[in-house]
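Participant: Per my numbering, the very first residue in the sequence shown carries number 2; after that it's consecutive.
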Amino acid sequence: MRRKTRAVKVKNVQIGGGAPIAVQSMTKTDTVDVDATVRQIEEMVRAGCEIVRVAVPDKEAALALKEIRRRVPDVPLVADIHFHYKLALMALEAGVDKLRLNPGNIGSVERVREVVRAAQAQGVPIRIGVNGGSLEKDLLAKYGAATPEAMVESAMRHIRILEDLGFHDIVVSLKASDVRRTVAAYRLLAEKVDYPLHLGVTEAGTPFAGTIKSAIGLGILLHEGIGDTIRVSLAAEPQEEVRVAWEILRALELRQRGVTVVACPTCGRIDVDNFVGIVTEIERRLQHIDEPLHLSIMGCAVNGPGEAHESDLGVTFGRGVGMIFKDGDPLRKVSSEEIIEAFVREVEQMVAERRAK
Ligand code: SF4
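1. Given a cut-off of 9 Å, decide if A120 and I127 are closer than it, judged by their beta-carbon atoms.
2. Where I16 and G315 are concerned, what is the direct C-alpha to C-alpha distance, given to the nearest angstrom?
3. Of all the beta strand (DSSP E) runs that stay within the bounds of the segment 175-249, which reach a length of 3 or more residues?
4. Are there 16 or more other CB atoms within 10 angstroms of the CB of M2, so buried, or fewer, so exposed?
5. Please determine if the segment 191-202 and the segment 228-243 are in contact, where contact requires at least 3 C-beta pairs separated by less than 8 Å.
6. Does the pairing of the segment 73-84 with the segment 272-287 give three or more beta-carbon distances under 8 Å?
7. For V53, report the span of its beta strand (DSSP E) as first-last.
8. Report buried or exposed for P266, applying the criterion of at least 16 other Cβ atoms within 10 angstroms of its Cβ.
9. Can you find the residues in the same chain that come closer than 8 Å, C-beta to C-beta, to I22, ignoring five residues on each side of it along the sequence?
10. Are the CB atoms of L64 and M91 nearer to each other than 9 Å?
11. With which residues is V172 paired in a DSSP beta bridge?
12. Going along the chain, which residues of its own chain have a beta-carbon closer than 7 Å to the beta-carbon of E241, five neighbours each way excluded?
13. Do V9 and V172 count as a contact pair if the criterion is CB distance below 9 Å?
14. Buried or exposed: which applies to S215, given that a residue is buried once 16 or more other Cβ atoms fall within 10 Å of its Cβ?
15. Would a C-beta distance cut-off of 9 Å place K67 and L88 closer than the cut-off?
16. Whole angstroms are fine: how far does the CA of G319 sit from the CA of E347?
17. Regarding G321 and the ligand SF4, is the C-beta to nearest heavy atom distance less than 8 Å?
18. Can you give the beta carbon distance from E1 to P77, rounded, assuming they're within the 8 Å contact cut?
19. Please tell me whether A80 and V113 are closer than 9 Å, where the distance is taken between their beta carbons.
20. Using the C-alpha atoms, what's the distance from A151 back to L198?
21. Using CA coordinates, which residue listed in T6, D98, K138, G105 is at the minimum distance from A1?
22. What would DSSP say about P21, mapped onto helix, strand or coil?
23. For the candidate residues V263, A237, G269, whose alpha-carbon lies nearest to that of H295?
24. I need the boundaries of the beta strand (DSSP E) containing V322, first residue and last residue.
25. Taking DSSP's pairing of strands, which residues face K10 in a bridge?
26. Can you tell me which of the three DSSP states S297 falls into?
27. For I283 versus V352, is the C-beta distance shorter than 9 Å?
28. Taking the alpha carbon of S135 as the point to measure from, which residue in E115, V117, V125, A156 has its own alpha carbon closest?
29. On the DSSP letters alone, give me the boundaries of the alpha helix (DSSP H) that D165 sits inside.
30. Pull up the distance between the alpha-carbon of A205 and that of V180, whole angstroms please.
31. Look at the alpha carbon of V35 and the alpha carbon of S297, and state the distance between them as a whole number of angstroms.
32. Return helix, strand or coil for V317, following the three-state DSSP convention.
What follows is the structure in structure tokens.
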């Protein structure tokens with residue numbers, strides 16, 4: 002059961018209100034470099050990114066947003082603003098679809114009101130993004146540290162500022178750099194408000210450690226029905242963050258997109274050389290496929306046919322030869338040297354057949 006939340010629209014993507022959990026990420030280019038930023042946005046979208054956030058640290062970046070907007074007119078764009086309300090107004094003028102800003106950090110109520118009125122006029126929601134690393138000093142003094150309770154109190158302050166101005170088109174995130182605090186903070190907030198929640202473990206780290214941290218933190222919450230959109234933060238290209246986010250959603254069977262590859266861990270019975278290389282290359286070659294497909298690649302006949310039975314397409318190796326299975330039935334044998342090409346072709350053909358139906 003998913004937690005019931007309000008629906009918030011970011012261009013053509015709905016967050017909350019029972020909508021599929023949206024995958025988002027953030028560009029890592031200098032926003033002023035429009036060419037590089039647009040190129041990265043396009044790569045992110047190809048990888049499955051549904052909402053793209055762009056940092057707007059200064060006036061030049063806010064001005065660049067106009068051209069970025071023009072060049073990616075269909076992509077839901079979020080402007081990430083800290084402290085400067087004028088940049089928020091410029092971003093709205095450039096036509097962004099969502100703002101990420103904390104109203105308590107942009108000065109007087111008058112300034113917040115100006116941003117809120119402009120956002121309301123354009124139907125643009127605001128994400129309040131509380132980060133454990135930048136909590137208000139008085140809350141740190143009150144709680145002694147950036148505890149989950151302190152993070153939730155900070156979020157509630159920002160929420161009330163917007164609510165007092167009659168603004169309810171709100172998404173909230175509560176990110177900490179460790180799993181336990183992140184999970185505890187979201188659980189607490191989920192009991193207090195019905196705004197959709199943007200999940201993330203911030204500054205999660207390098208791809209290996211960060212993927213594990215994100216999968217555990219986001220996985221626990223999503224499994225409990227908490228979370229309406231996710232962002233995986235890694236010290237890596239944003240496309241990698243998007244791929245990890247999709248893998249988390251697929252593993253929890255919350256959304257389907259692209260190929261899911263079941264591969265055996267190998268053991269002393271393995272019947273082919275370079276099994277890991279073959280699986281890795283097949284996965285890489287199939288990254289462009291959006292259609293949900295279940296594939297299995299198994300090192301010997303012990304579990305191969307069984308897994309192939311559960312798959313759209315499968316390979317089971319035996320004495321250096323791969324038997325390709327289609328819809329659970331043996332199709333043909335291919336030598337291990339030719340298996341990558343042959344299997345990728347079969348998958349692409351199956352996608353083409355399904356599209357033609
Ligand atoms: Fe070992 Fe065969 Fe199982 Fe792979 S499928 S782990 S090679 S027994």
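Just so you know, even glycine gets a beta-carbon here, dropped at the ideal spot from N, CA and C. Note that the coordinates shown come from a computational prediction; the quantities given were computed from them, not determined experimentally.
Facilitator: Reading from the atomic positions:
1. For I127 and A120, yes; Cβs fall inside 9 Å.
2. In a straight line, the C-alpha of I16 is about 36 Å away from that of G315.
3. 230-232
4. exposed
5. yes
6. no
7. 52-56
8. Under this definition P266 is an exposed residue.
9. L223, G228, D229, T230, I231, L250, L255, R256
10. Yes, they are a contact pair.
11. R128
12. Excluding sequence neighbours, E241 sits near P208, L235.
13. A distance below 9 Å separates the beta carbons of V172 and V9.
14. buried
15. no
16. 19 Å
17. G321 Cβ: outside cutoff for every heavy atom of the ligand SF4.
18. This structure cannot settle anything about residue 1, because the visible part of the chain is limited to 2 through 358.
19. no
20. 17 Å
21. Any answer about residue 1 is impossible in this case: the structure gives the chain only from 2 up to 358.
22. coil
23. The candidate whose alpha carbon is nearest that of H295 is V263.
24. 322-327
25. Q15
26. Correct three-state label for S297: strand.
27. no
28. A156
29. 149-165
30. 9 Å
31. Whole-angstrom Cα-Cα distance: 41 Å.
32. Looking at the sequence itself, residue 317 is Thr, so the reference to Val does not match. DSSP places T317 in strand when its eight states are reduced to three.
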